[in-house]
Amino acid sequence: MAGRDKGIIDPPIDALLEKVDSKYQLVIYASKRARQINDYYSDLHEGNLFDNVGPLVDSSVEDKPLTIALHEIHEDKLRLRHVD
12 MAGRDKGIID
22 PPIDALLEKV
32 DSKYQLVIYA
42 SKRARQINDY
52 YSDLHEGNLF
62 DNVGPLVDSS
72 VEDKPLTIAL
82 HEIHEDKLRL
92 RHVD
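The opening residue of the sequence shown carries number 12 in the working numbering; numbering runs sequentially from there.
So, in structure tokens, the structure goes:
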């Protein structure tokens, strides 16, 4: 994510809210994906490479899983599936 400003303003919250039905859905969506990314990094240390999918966007070591998840949502790398 070289060249991008870091923080809550990138990606803009308004752009993220266009991808979901509500801010609450965005929080749940991003937090679940961040958990998957975190589990992926944990699995790398244990040699377990096939249980979780890693980041779908360019990221650096400093990027937190939630930041990565928000960028994935913003760049349409994920598809939200509604469950009844």
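Glycine residues also receive a C-beta, built at the ideal position from the N, C-alpha and C atoms.
Since this is a predicted model, take the numbers as computed values, not measurements.
Near P22, what residues of its chain come up, given a Cβ to Cβ distance below 7 Å and the 5 sequence neighbours on each side ignored?
Within the same chain, P22 has close Cβ partners L81, H82, H85.
Please report how far the alpha carbon of G58 lies from the alpha carbon of Y52, in whole angstroms.
Straight across, the Cα-Cα distance linking G58 with Y52 is about 10 Å.
Residue span of the alpha helix (DSSP H) that contains L77, given as start and end
76-85 is the extent of the alpha helix (DSSP H) around L77.
Through-space distance from H56 to Y40, alpha-carbon basis
Approximately 25 Å, taken between the alpha carbons.
If you follow the alpha helix (DSSP H) that S71 is part of, which residue opens it and which one closes it?
Here S71 belongs to no alpha helix (DSSP H), and DSSP marks it neither H nor E.
For K88, which of helix, strand or coil comes out of DSSP?
Correct three-state label for K88: coil.
In angstroms with no decimal places, state the Cα-to-Cα distance between H93 and Q36.
10 Å
Given that a residue counts as buried once 16 or more other Cβ atoms are within 10 Å of its Cβ, and exposed if not, what is R96?
Residue 96 lies beyond the range of the chain shown here (12 to 95); nothing can be said about it.
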